[in-house]
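Numbering (full-length UniProt numbering), first residue to last: 1 to 456. Everything on this sheet refers to the single structure shown next.
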Ligand SMILES: Cc1cc2nc3c(=O)[nH]c(=O)nc-3n(C[C@H](O)[C@H](O)[C@H](O)COP(=O)(O)OP(=O)(O)OC[C@H]3O[C@@H](n4cnc5c(N)ncnc54)[C@H](O)[C@@H]3O)c2cc1C
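As structure tokens, then:
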């Protein structure tokens, strides 16, 4: 049950919040990526009378956004060796494949996962355990190389045991889908506010009552949920400093990490060959590095892949306080990609396409920032320091595919009805494993990947 609230959620610019009374439930969701939008959508569908406000520094239809969720395309797969995420991803895929709101954005091209461990077997076993039938198999390398017209014939198969081919997975047109679902949520009654949040606001008892924007406006609600992705540790640091509630800080729970993506402009002939390709993955173990993926071409005939290096950006956020955070520029300087990172990402093209990609025209580079936990689990949890404050983010480089169902679970968390297993897995306070075994953990530092002149 959602409890009634202490104050109405509206812009009460610079007025005291304590005098506000309310009659309806009110929710402030900070951040309009997949976690925030899904939460707003599920909330307004289940509680049409609730006051739901979604706040983001960028307009949802802006041409340029910092959200990790705002992208040309994202892999939508249920190929997980962790059965919890396998099940969750299948639930999300069922929505992508059947609900008219989501269907236009999903493309069931399949995935082609080059495995260097028992990954294929583990995934296939999970499908079996969950009683799900799918066109999924572990294919010997020789046979796999000939599939899809030999598109991945030149790929690197060093140390490869087999290739996981799942024809029921695919990809989503990520930014278009994010925009469409946000628009739908707004039509259903969600209020969208374009503003950058500077700090959280608390009453004298340390109860979170809302946020203050950089412009100085105050927004209030009884439930404040942070879906702020890679910015979350910084927002909590600034809020800890302004409120004196030092335990607000994320500490080692969340680390902001950046990954470079590169887009190749295909000519007509290559486009014809690659248009219906599956999503490609190069799977590695933690001692080698993170998995690398390549997505099928967009409608503009651009083929995308991401790089082999995931990096932190550790900086002094306040005197004596060092955390990893996106660069301070309003757009996270996401289009300013150093020569060293461009060089680094060439490797991704080589391990998928070898000589096929030698003459492709490289058109775009972007650095995408996400929030990571050591285990790769999300955080969907009340914040233990302040009543009324909740956290729902930490996609840990794999959160997009759950977009259709994330909000359902965030709502369960807000209502206190999340299953004990998920509540523990996604808790703010829990025992976190050493990241040594997590191949996706950000290990490099951005300052070491800049060009010499920009280090000055
Ligand atoms: C290169 C790359 C490739 C990926 N590929 C895949 C994939 O193929 N499949 C997959 O499932 N996942 C993928 N992911 C992961 C996925 O994109 C993320 O896990 C997911 O999008 C995170 O969603 P989010 O809502 O937590 O954060 P975001 O999408 O980053 O959204 C956070 C939002 O909060 C807003 N915000 C932050 N601070 C403030 C503030 N102070 N005031 C106002 N607004 C604020 C931001 O503007 C932003 O819009 C990939 C990630 C990257 C980086």
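C-beta atoms are modelled at their ideal positions from N, C-alpha and C, and glycine is treated no differently.
Would you say the beta carbon of residue i comes nearer than 8 Å to a heavy atom of ligand 1?
i, result
"residue 208", "no"
"residue 348", "no"
"residue 57", "yes"
"residue 219", "no"
"residue 74", "yes"
"residue 393", "yes"
"residue 227", "yes"
"residue 443", "no"
"residue 253", "no"
"residue 169", "no"
"residue 397", "yes"
"residue 418", "no"
"residue 196", "yes"
"residue 370", "yes"
"residue 181", "no"
"residue 235", "yes"
"residue 388", "no"
"residue 34", "yes"
"residue 306", "yes"
"residue 174", "yes"
"residue 400", "yes"
Which residue marks the beginning of the alpha helix (DSSP H) containing residue i, and which one marks its end?
i, result
"residue 340", "339 to 353"
"residue 239", "232 to 243"
"residue 329", "Premise fails: residue 329 is in no alpha helix (DSSP H) and is neither H nor E."
"residue 93", "83 to 98"
First and last residue of the beta strand (DSSP E) that includes residue i?
i, result
"residue 382", "379 to 382"
"residue 220", "218 to 220"
"residue 402", "Taken as a continuous stretch (DSSP letters only), residue 402 belongs to no beta strand (DSSP E), as it is neither H nor E."
"residue 389", "389 to 393"
"residue 438", "No beta strand (DSSP E) contains residue 438, which DSSP labels as neither H nor E."
"residue 166", "162 to 166"
"residue 172", "170 to 172"
"residue 201", "197 to 202"
"residue 208", "208 to 213"
"residue 398", "It is not in any beta strand (DSSP E) - residue 398 carries neither H nor E in the DSSP assignment."
"residue 129", "Premise fails: residue 129 lies in the alpha helix (DSSP H), 119 to 129, not in any beta strand (DSSP E)."
"residue 42", "Taken as a continuous stretch (DSSP letters only), residue 42 belongs to no beta strand (DSSP E), being part of the alpha helix (DSSP H) at 34 to 46."
From the options, pick the residue whose C-alpha is nearest to that of residue i; which is it?
i, options, result
"residue 253", "242, 263, 232, 288", "232"
"residue 366", "342, 356, 385", "342"
"residue 272", "148, 54, 203, 242", "148"
"residue 32", "133, 121, 177, 164", "177"
"residue 212", "424, 192, 407, 30", "30"
"residue 317", "36, 185, 236, 117", "236"
"residue 383", "249, 185, 67, 51", "249"
"residue 196", "186, 304, 408, 65", "65"
"residue 240", "324, 348, 199, 165", "199"
"residue 397", "257, 325, 347, 129", "257"
"residue 202", "193, 214, 222, 185", "222"
"residue 306", "230, 297, 345", "345"
"residue 28", "193, 132, 215", "193"
"residue 308", "293, 132, 108", "293"
"residue 62", "179, 163, 251, 68", "179"
"residue 408", "36, 74, 78", "36"
Which same chain residues, not among the five before or five after residue i, have their C-beta less than 7 Å away from its C-beta?
i, result
"residue 445", "311, 312, 314"
"residue 106", "76, 96, 97, 170, 172"
"residue 152", "112, 145, 280, 352"
"residue 1", "Confidence is the limiting factor: at residue 1 the pLDDT is only 47, short of 50, which leaves the residue's position unreliable, though a coordinate-based value still follows. Same-chain partners within the cutoff: 415."
"residue 23", "Reliability of the predicted coordinates at residue 23 is poor, the pLDDT of 46 falling under 50, and the value obtained from them is presented with this limitation in mind. Nothing listed; no residue qualifies."
"residue 190", "40, 44, 52, 54"
"residue 234", "317, 323, 325"
"residue 321", "237"
Excluding sequence positions up to five away, which residues of its chain have a Cβ less than 6 Å from the Cβ of residue i?
i, result
"residue 468", "Nothing about residue 468 can be reported from this structure: the residues present for the chain run from 1 to 456 only."
"residue 21", "Here the model assigns residue 21 a pLDDT of 37, short of 50, so the residue's position is not dependable and the matter cannot be decided."
"residue 443", "none"
Excluding the 5 residues preceding and the 5 following residue i in the sequence, name in chain order all residues of the same chain whose CB lies nearer than 8 Å to its CB.
i, result
"residue 411", "39, 42, 43, 46"
"residue 103", "96, 97"
"residue 439", "284, 285, 286, 288, 289, 290, 291"
"residue 357", "264, 349, 350"
"residue 274", "151, 266, 296, 297, 303"
"residue 214", "195, 196, 197, 198"
* Is the stretch 203 to 213 touching the stretch 108 to 127 in the sense that three or more CB pairs, one from each, lie closer than 8 Å? -> no
* Asked: If you pair each beta-carbon of the stretch 335 to 350 with each one of the stretch 446 to 453, do three or more pairs fall below 8 Å?
  -> yes
* Counting Cβ pairs, one atom from each stretch, are 3 or more of them under 8 Å apart for the stretch 420 to 431 and the stretch 52 to 61? -> no
* Any 3 or more C-beta pairs closer than 8 Å across the stretch 388 to 401 and the stretch 212 to 229 -> yes
* Asked: Within the chosen definition, does the stretch 427 to 436 reach the stretch 91 to 100 through at least 3 CB pairs nearer than 8 Å?
  -> no
* To do: Determine contact between the stretch 376 to 385 and the stretch 400 to 414, defined as no fewer than three beta-carbon pairs at a distance below 8 Å.
  => yes
* Asked: Is it true that the stretch 261 to 275 meets the stretch 319 to 336, where meeting means three or more beta-carbon pairs spaced less than 8 Å apart?
  -> no
* Quick check: the stretch 135 to 144 against the stretch 82 to 94, are there 3 or more CB pairs under 8 Å? -> no
* Asked: Given 8 Å as the limit, is there contact between the stretch 118 to 126 and the stretch 80 to 87, that is, 3 or more CB pairs closer than that?
  -> yes
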